[in-house]
């Protein structure tokens, strides 16, 4: 086994290392030298904020190309809702929703990731051209990581307690950041042992998945501790219920809250942002990035 990859999987790295600078997706390198937007494409009738909006394949395909025009560097397609309390969807149903959309996106100019926990769906999605699997089970789905390793695909490992039906029944942690970080580090370690190259693995702290308001806020406030694991950090605060708790607004009126959460996460090292509202989030991140770059340049001059 590659010694460097093994050390990275354990998180055995120089503490001064910054955020990861690239993410490898099945022959495609996503540069992380600036923020990357992953546009959310829910091909579902029941997702929490946009269920049914893009359920018809033609509308979903049009929306994917529209998000690319708005600045998305990746499209994340899902055909099973993972909102709190969501019921399981049969693999055949999930694939029936995905297949025509993936077929219509073969010429999309950016990579596709598919949000699924089922190995049979993931296998078909990779065969259809997907470059990555967004695994909200965090590597716990039987055979999924092994499949990704065989295919050389990218993978997002997310932290979640239980499953979507049960995840909000216990949101207590002694130290949410330390526990989530340890869990993600172990999941990445297992993925490397299964054959995944460390450069193909991104980590997601799972905002809104088995966390209370305070836990979500603390994860973003201390996101640099997860960034220190050395893998690309993917984060998805878009329109989540914790923003509704803070702002008292319905899902469709949480754009400003999503922007604030993304900017705060960017400043602590997140580089991939899974969002519904691609254009306004992208504009805000571009400004925040420019400010950060100016500060880094000033610090560099001060050291010379």
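Residue numbers (my numbering): 15 to 318.
Think of the CB as a built atom: it goes at the ideal place given N, C-alpha and C, for glycine as much as any other residue.
Inset, instruction - Tell me whether residue 312 is buried or exposed, calling it buried when 16 or more other Cβ atoms sit within 10 Å of its Cβ. - result: Its Cβ having fewer than 16 others within 10 Å, residue 312 is exposed.
Legend entry - Inside the region 40 to 102 only - beta strand (DSSP E) runs reaching at least 3 residues: 42 to 45, 50 to 56 and 88 to 92
Legend entry - Secondary structure of residue 310, DSSP reduced to three states: helix
Inset, instruction - Look at the alpha carbon of residue 230 and the alpha carbon of residue 239, and state the distance between them as a whole number of angstroms. - result: 14 angstroms
Inset, instruction - Output the residue ranges of the alpha helix (DSSP H) runs that lie fully inside the region 252 to 281 and measure 4 residues or longer, sorted by chain position. - result: 255 to 261 and 269 to 281
Inset, instruction - Enumerate in chain order the residues of its own chain whose CB-to-CB distance from residue 115 is below 7 angstroms, with the five nearest sequence positions on each side excluded. - result: 57, 71, 74, 75 and 91
Inset, instruction - With DSSP as the reference, label residue 240 as helix, strand or coil. - result: helix
Legend entry - Within the region 146 to 219, ranges of the beta strand (DSSP E) (whole runs, at least 3 residues): If one requires a minimum length of 3 residues, the beta strand (DSSP E) runs lying completely within the region 146 to 219 are 146 to 149, 168 to 172 and 215 to 218, in chain order.
Inset, instruction - Count the C-beta pairs between the region 77 to 91 and the region 100 to 108 that are closer than 8 angstroms, then say yes if the count reaches three, no if not. - result: Touching, no, given that fewer than three Cβ pairs across the two stretches are closer than 8 angstroms.
Inset, instruction - Using beta-carbon positions only, say whether residue 145 and residue 126 come within less than 7 angstroms of one another. - result: Between residue 145 and residue 126, the C-beta gap is smaller than 7 angstroms, which places the two residues in contact.
Legend entry - Cβ contact check for the region 255 to 275 and the region 194 to 211: 3 or more pairs under 8 angstroms: no
Legend entry - Those runs of the beta strand (DSSP E) which lie wholly inside the region 120 to 148 and span at least 3 residues: 126 to 129
Legend entry - residue 174 vs residue 222 beta-carbon contact at 7 angstroms: No, the Cβ-Cβ distance between residue 174 and residue 222 is not below 7 angstroms.
Legend entry - Classification of residue 95 by the beta-carbon crowding that lies within 10 angstroms, buried from 16 upward: buried
Inset, instruction - Examine the Cβ distances between the region 176 to 193 and the region 207 to 217 and report whether three or more of them are shorter than 8 angstroms. - result: no
Inset, instruction - State the CB to CB distance for the pair residue 88 and residue 68, rounded to an integer number of angstroms; the pair is presumed to be in contact (CB under 8 angstroms). - result: Incorrect: roughly 17 angstroms between the Cβ atoms, too far for contact.
Legend entry - When 286, 166, 113 and 133 are compared against residue 156, the one with the closest alpha-carbon: 133
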